[in-house]
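The sequence shown begins at 1 in our numbering and counts up one residue at a time. Structure, as structure tokens:
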Amino acid sequence: MSQEKRAFPRFEISEQAIVTDEKGATLGHVEKVGGGGMTLRAESAAVAQKLEPGHALRVTIVEPSNQVSNTLDVVIRYRSGSEVGVQFVSGSETGKFPALK
1 MSQEKRAFPR FEISEQAIVT DEKGATLGHV EKVGGGGMTL RAESAAVAQK
51 LEPGHALRVT IVEPSNQVSN TLDVVIRYRS GSEVGVQFVS GSETGKFPAL
101 K
């Protein structure tokens with residue numbers, strides 16, 4: 001039995017939620033989400049290669065079926081193939097967002 005290291009468990013979601021970058025380009029779709037972060041499946045191998053662990057970015061999660069979107073700041077914590085784990089971070093106010101690498 002593996003021991004969970006997360007402060008918040010992640011749950012698989014059944015609805016298609018798309019993750020885009022600040023320019024509106026699709027990064028992938030959300031597979032799991034929890035109180036502290038989410039796992040996304042990158043749109044392609046090329047997109048996955050650009051999502052380097054340690055990088056901070058602002059993403060928008062779009063739920064096409066109900067036309068809801070939320071923009072938030074994240075830090076990439078791991079990448080395994082096309083699976084990318086990100087941590088939600090606070091400080092989206094000007095001057096408090098960590099600089100992109």
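Ideal Cβ positions, reconstructed from N, Cα and C, are used throughout, including at glycine.
For Thr20, which of Gly35, Gln49, Glu31 and Arg58 has the nearest alpha-carbon? Indexing the sequence shown from 1 puts residue 20 at position 20. Nearest option by C-alpha distance: Arg58.
Bridge partners - Asn70, DSSP secondary structure assignment: As a first step, residue 70 must be located in the sequence shown, where it is residue number 70. Note: Asn70 sits in a beta bridge opposite Ile61.
Using a 10 Å radius around the Cβ and a threshold of 16 neighbouring Cβ atoms, would you call Ala25 buried or exposed? Numbered from its first residue, the sequence shown carries residue 25 at position 25. Per the 10 Å Cβ criterion, exposed.
Verify whether the separation of the beta carbon atoms of Gln87 and Arg77 is less than 8 Å. By 1-based counting over the sequence shown, the position of residue 87 is 87. By 1-based counting over the sequence shown, the position of residue 77 is 77. In this structure, Arg77 lies closer than 8 Å to Gln87 by Cβ.
Can you tell me which of Glu83, Asn70 and Leu72 puts its alpha carbon nearest to the alpha carbon of Leu51? Along the sequence shown, one-based indexing puts residue 51 at 51. Proximity to Leu51 across Glu83, Asn70 and Leu72 peaks at Glu83, based on C-alpha coordinates.
If you run the structure through DSSP and keep just helix, strand and coil, what is Ala17? As a first step, residue 17 must be located in the sequence shown, where it is residue number 17. Of the three classes helix, strand and coil, the one that applies to Ala17 here is coil, per DSSP.
Between Gly36 and Val75, what straight-line distance do the alpha-carbon atoms span, to the nearest angstrom? To locate residue 36, count along the sequence shown from 1; it is residue 36. To locate residue 75, count along the sequence shown from 1; it is residue 75. For Gly36 and Val75, the distance between alpha carbons rounds to 11 Å.
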